[in-house]
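Here's the structure we're looking at; comments come further down.
Residue numbers (full-length UniProt numbering): 1 to 1033.
Right, here's the structure in full:
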């Protein structure tokens, strides 16, 4: 649709709404019934909101057309979106430019702001926006689908004689209300290509169960279209409160007064792992209560809104406190300090308890209801460790890999509702997913999968059952407006984005997943699976019936191994024995006839002689025929054995030839690499100096003295080593190749090397740099700079907690290091005290890049579940797509641990830690600083798009927080700030700043029994590297 067509469509919609508005006003003047007047008022209110919405969208479109003057038609320059039809005036060029310029100013400020919270989309005080329309469409479609299923279930029970007449009738009325609401928002929906590039819409996060006490105040309703009644009957209404479909409370029946319906009733409702609250408004009628309005809210969205209000209040108070202390800070700076990293001068008590969320909310299909919500979550009693301890990072790999039809299925735990790609049933919890193509299904369905993995080898198995159904899908792009799932990966399709839909069969998929679906258009997966089972069964049966014919000769003459193959069952053995016995009898009879023939023929007459000769000739022909058959069988058996032997010898010869070619190729690559390195070294030498003869030898572990073990990880260890040639000290990280290959982490090792090169590029002051890397037959080695001060985990275990100034100092340097990673599209994912080292001059350096993820700019997402359990963000645990905002969650956890000396979320086992992250809120002691509290609450927001630092400006959002108001980050980067703590050592080889758990071990390599073949060794080709500045030395 072109811009002119969109403009014409908007103009028609505006004209229609103006007609409705004018007609409703005329009807309102002649109405006498209170119910009729209330309905007209509600229609007027809704119509005015729609007019404002269409006018706003027209301004956006005109602004876009003004940026491209060639697209503005003459009609567009004479239409005004600013008033109703009765007040419309021609829009001049100046007013058009003014309107578009005004919108550009407002849109610029909007783009830099945070996304609209989900709760704000439910409030009636806000204007209708595109986000609100899309959110409402999604929620109404889902709600209508549920109500239709309830209605069908009630009708089935009613047909069986179960008394559910009232439930069935109410379900039908609720369906009518939801259909009216859905039609209303479908009329407001304006297709826009920009929807495909926007981030995930609000309200699309999974529903988290909430436990606690829910406080609800039902105030009243307004602008509601009531059920029709007799003219002399007063409107009476009531409201019900349901939690997850269970009735929890009910208001009194109240008559309509001068101010409408007013209840003003309070309810306290205990909830246990609940997800949704629903308020339904009913009108009292003679034959029962009729529903006239519905409102529902996810409790997780309510908790998010309460937390957001609390964070905003704390941030506002923190800025007020910072402004009050600004005079004192200036005086401190005037005394010669370039930067103040001290804590707050005064401490105020925490902000008073908030009164919850109070607003007028939209009723569906029309009307508004006044509600106040508050929720007090239950604090789970958990056994928390008294001190911080070390925890290893994890990379999710649940269970062993099962290879079925080329798929590498692993057991996954899904926190969202999934759809099995085989049986199309919804499931949650544990399922199977292919590591290669993301095909997802039930665990029980994984054994039945007949579709080969698209990422598997193209070599076909001749015995494989094939389904001769090659009808490709006819995919077309569509925008999803209902709760649907991908037919391949099983995840729910995002609302409002472009996906693929087959026009011939009910197959929906993501754009990427559509390329992985087989050409089985019109054939359901379950039916195709049954057909494949029948084909396999028939093939197996034909193998038994089509075996070679059995030889009628002695078993001793069969080739080795052939007798057991032919005589597999007792019945076949008995039949063969009878045939052999009959053959012996025939041979004895023939020999007897031949010996007695001369004497017998002398006594026979001529006729008898002819008959005897005929019989003899017949017996001879029969014997020759049997001999020919036996000879043919022997020849065929011998030929079969020879062909098998030749095929085996040929296969061995080809394998040996391939291995020799692979070895030659690897040797040529190695020689070529050596020549390139020699050429580069020659080019780097100064041309004025004569070439010096220099040994070209590789770096090996024998070039170092191993002095101590500094740390251990999943795949290897870090050791302190001394260079035998120059006496320099390095930290060598040794990784086992067999573990890397078995865990399919070869690319991760290569990525770690590339990230070291990014850190080396600018020699960032707060990132560990790489000296070189090399490999042996069993291990990979990273030779890194040795940071002598130990890690922060060792120091915080000694000191229990860091002071406010020290924690702030380390936090500023970590913030700059993470910002550098994000500027290079890298997500760190494993920030913790164990991975932050302390130099001898008191500054920090981040180490261990094993879990970093590349190509992660703003808006990019990934799904890999990895990290340290206590530091994992909620979206990682829920297996949702996540971006670089997870680093700011871990930064918040890090700051919490440095300031308070304990973890904000903890437990004795992993599952308890995950439950704590998903359900608990961080606790702060009495007297904790307001700035610190505001920062931590802004970082530890469970909703990713509301988290501090989640916007396009990334770290600049955090730098602008009140906590960092007195920080000059340029001084931090250039190390101009005197450090608050300096580590001490007795000599250069002193390892007292590292954990004795590691340093007490004897340095060395653990022997490995696994030997990599030449193909696996080829995975690590080109791993060796020497940093540029080391080559210059």
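Backbone N, C-alpha and C define an ideal beta-carbon position, used for all residues, glycine too.
{"Item": "Residue environment, residue 736, which counts as buried when at least 16 other CB atoms sit within 10 Å", "Value": "buried"}
{"Item": "Option in 927, 1018, 888 with minimal Cα separation from residue 832", "Value": "888"}
{"Item": "Integer Cβ distance of residue 52 from residue 169, believed to fall under 8 Å", "Value": "Contact doesn't hold; Cβ gap of about 37 Å is too wide."}
{"Item": "As assigned by DSSP and simplified to three states, the class of residue 247", "Value": "strand"}
{"Item": "Spatial distance of residue 190 from residue 505 (CA atoms)", "Value": "27 Å"}
{"Item": "First through last residue of the alpha helix (DSSP H) which encompasses residue 926", "Value": "Here residue 926 belongs to no alpha helix (DSSP H), and DSSP marks it neither H nor E."}
{"Item": "Under the three-state DSSP convention, the category residue 892 falls into", "Value": "helix"}
{"Item": "Option in 369, 876, 146, 160 with minimal Cα separation from residue 125", "Value": "369"}
{"Item": "Closest by C-alpha distance to residue 908, when choosing among 874, 869, 925, 930", "Value": "869"}
{"Item": "Close-in-space but distant-in-sequence residues of the same chain around residue 807 (CB under 7 Å, 5 per side omitted)", "Value": "895, 898, 899"}
{"Item": "Three-way DSSP call (helix, strand, coil) for residue 504 in this model", "Value": "coil"}
{"Item": "Given residue 483 as reference, the closest of 852, 950, 146 once Cα atoms are compared", "Value": "146"}
{"Item": "Cα-Cα separation between residue 250 and residue 282, rounded to whole angstroms", "Value": "11 Å"}
{"Item": "Buried versus exposed call for residue 768 [16 or more other C-beta atoms within 10 Å across all chains shown]", "Value": "buried"}
{"Item": "Whole-number beta carbon distance between residue 236 and residue 254, since they are thought to touch under 8 Å", "Value": "7 Å"}
{"Item": "Beta strand (DSSP E) segment containing residue 479, residue limits", "Value": "475 to 479"}
{"Item": "Backbone secondary structure at residue 510 - three-state DSSP", "Value": "coil"}
{"Item": "Counterpart residues of residue 791 in DSSP-defined beta bridges", "Value": "837"}
{"Item": "Three-state secondary structure assigned by DSSP to residue 10", "Value": "helix"}
{"Item": "C-beta atoms of residue 406 and residue 453 nearer than 7 Å", "Value": "yes"}
{"Item": "Sub-7 Å separation of residue 827 and residue 853 beta-carbons", "Value": "yes"}
{"Item": "Proximal residues to residue 442 (C-beta, below 8 Å), its chain only, five neighbours per side dropped", "Value": "420, 422, 423, 425, 427, 431, 432"}
{"Item": "Sequence-distant residues of the same chain with beta carbon closer than 7 Å to residue 365, five excluded per side", "Value": "177, 180, 181, 184"}
{"Item": "Nearest candidate by alpha-carbon position, reference residue 727, set 990, 733, 703, 719", "Value": "703"}
{"Item": "Under 7 Å between C-beta atoms of residue 279 and residue 220", "Value": "no"}
{"Item": "Within 7 Å, strictly: CB atoms of residue 3 and residue 65", "Value": "yes"}
{"Item": "Boundaries of the beta strand (DSSP E) in which residue 780 is found, first to last residue", "Value": "779 to 785"}
{"Item": "Length of the line joining the Cα atoms of residue 721 and residue 982", "Value": "23 Å"}
{"Item": "Among 864, 785, 766, nearest to residue 1075 - alpha-carbon criterion", "Value": "Nothing about residue 1075 can be reported from this structure: the residues present for the chain run from 1 to 1033 only."}
{"Item": "Which listed residue (450, 848, 156, 295) has its alpha carbon closest to that of residue 174", "Value": "295"}
{"Item": "Given 8 Å, three or more beta-carbon pairs between the region 288 to 308 and the region 270 to 278", "Value": "yes"}
{"Item": "Rounded C-alpha distance that separates residue 871 from residue 811", "Value": "16 Å"}
{"Item": "C-alpha distance - residue 771 paired with residue 784, whole-angstrom precision", "Value": "5 Å"}
{"Item": "Euclidean distance between Cα positions of residue 476 and residue 138", "Value": "21 Å"}
{"Item": "Residue nearest to residue 435 in terms of C-alpha spacing, selected from 996, 408, 303, 450", "Value": "408"}
{"Item": "Three-pair Cβ contact test at 8 Å for the region 971 to 988 versus the region 833 to 842", "Value": "yes"}
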